[in-house]
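A.B. asks: My questions all concern the structure below.
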Amino acid sequence: MFVTFEGMEGSGKTTQSEWAVEYLANKGLKVTRTREPGGTRLGEHLRKILLEKEYSLTPFAEIFLFAADRAEHVEEVLQPALDRGEIVICDRYIDSTTAYQSGGRGLPKEWVENLNKLSSKGLMPDVTILLDCPVEIGLHRARSKGSPPDRFESENVAFYQRVRSTYLQIARLEPGRMHTVNSSSSPEVARVQIAAILDDWVSRKHP
């Protein structure tokens, strides 16, 4: 089973994806947790370039780096783990590229979707959990964590309004795959809904 967690900065997706690994492992299931960008040796180098503010990237250069990261990630981590019958929990995947590079940066949606298909070899999540909260709440959380903001955390409110709008549009178009969870309040409240989603999918994949 392939599960992805999505959401803008400060939405809680990393915290919840870490919790989901523990939740499923406690049920005796074999779980692999990974992330994009990153997840491979090459990916960690690309992550540094993509996130650090010292690098000035054009939108096209940025998306090609994300695509290179994903191509390596699918080949080295995602597909092998799935072939072993494991549950894969991934912090960001193709929906992030659509939301940020198409919605946020304004690159053509059809072009971005085609690049997503090529870089992923068509590998799609079984279920995607979208952690959603108002832009102002997410940015406040992200910028209050104590460390200097990275390239994406430094983007303005208008950028993130476009990102959030694109995420919600994907959720409306793919309700069978993407489940939207309100992450405005405490993590514990969101986890009740996340647990129900995971339990439903585990019962389908592991009857």
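Just so we're aligned: the sequence shown equals residues 4 to 210 in the numbering used here.
Where a beta carbon is used, it is the ideal one built from N, C-alpha and C, also for glycine.
(1) Decide if the segment 38-48 is in contact with the segment 127-146; the criterion is three or more beta carbon pairs, one per stretch, under 8 Å apart.
(2) Need the endpoints of the beta strand (DSSP E) that E65 sits in, please.
(3) On the three-state DSSP scale, how would you describe N159?
(4) Using alpha carbons as the reference points, say which of V77, R167, P152 lies closest to L54.
(5) By Cβ distance below 6 Å, which residues in the same chain neighbour K208 in space, the five residues on each side in sequence not counted?
(6) Considering only DSSP beta bridges, list what H182 is partnered with.
(7) Going straight from the alpha carbon of A145 to that of G15, what length do you get?
(8) Hey, could you find the ends of the beta strand (DSSP E) R36 is sitting in?
(9) Whose C-alpha, out of Y163, V184, A193, N119, is nearest the C-alpha of F67?
(10) Which value, in whole angstroms, describes the spacing of the CA atoms of S122 and F63?
(11) When burial is assigned at 16 or more other CB atoms within 10 Å of the CB, is Y103 buried or exposed?
(12) CA-CA distance, L32 and D98?
(13) Pull the bridge partners of E113 from the DSSP assignment, please.
C.D. replies: In terms of the structure at hand:
(1) Segments in contact, no.
(2) For the purposes of this step, residue 65 is taken as residue 62 along the sequence shown, with counting starting at 1. Where E65 is concerned, there is no enclosing beta strand (DSSP E), although the alpha helix (DSSP H) it sits in stretches over 62-76.
(3) Against the sequence shown, residue 159 aligns to sequence position 156. When secondary structure is reduced to three states using DSSP, N159 falls in the coil class, being assigned neither helix nor strand.
(4) Taking the sequence shown and counting its residues from 1, the one referred to as residue 54 is at position 51. Selected option, being the one with the closest Cα: P152.
(5) Walking along the sequence shown from the start, residue 208 turns up at place 205. Once the five neighbours on either side are set aside, the close Cβ partners of K208 are M4.
(6) For the purposes of this step, residue 182 is taken as the residue at position 179 of the sequence shown. In the DSSP output, where bridge partners are listed per residue, H182 has I132.
(7) Locating residue 145 in the sequence shown gives position 142, where the first residue counts as 1. Locating residue 15 in the sequence shown gives position 12, where the first residue counts as 1. Between A145 and G15, the C-alpha separation is close to 9 Å.
(8) As a working mapping, residue 36 is identified with position 33 in the sequence shown. 34-38 is the span of the beta strand (DSSP E), which, as asked, contains R36.
(9) Here the question's residue 67 lines up with position 64 in the sequence shown. Minimum Cα distance to F67 is reached at N119.
(10) On the sequence shown, residue 122 is found 119 positions in, with the first residue counted as 1. On the sequence shown, residue 63 is found 60 positions in, with the first residue counted as 1. About 15 Å.
(11) Working through the sequence shown from its first residue, we reach residue 103 at position 100. Classification for Y103: buried.
(12) Here residue 32 refers to the residue found at position 29 when the sequence shown is read from its first residue. Here residue 98 refers to the residue found at position 95 when the sequence shown is read from its first residue. For L32 and D98, the distance between alpha carbons rounds to 26 Å.
(13) Numbered from its first residue, the sequence shown carries residue 113 at position 110. Answer is none; E113 lacks a bridge partner.
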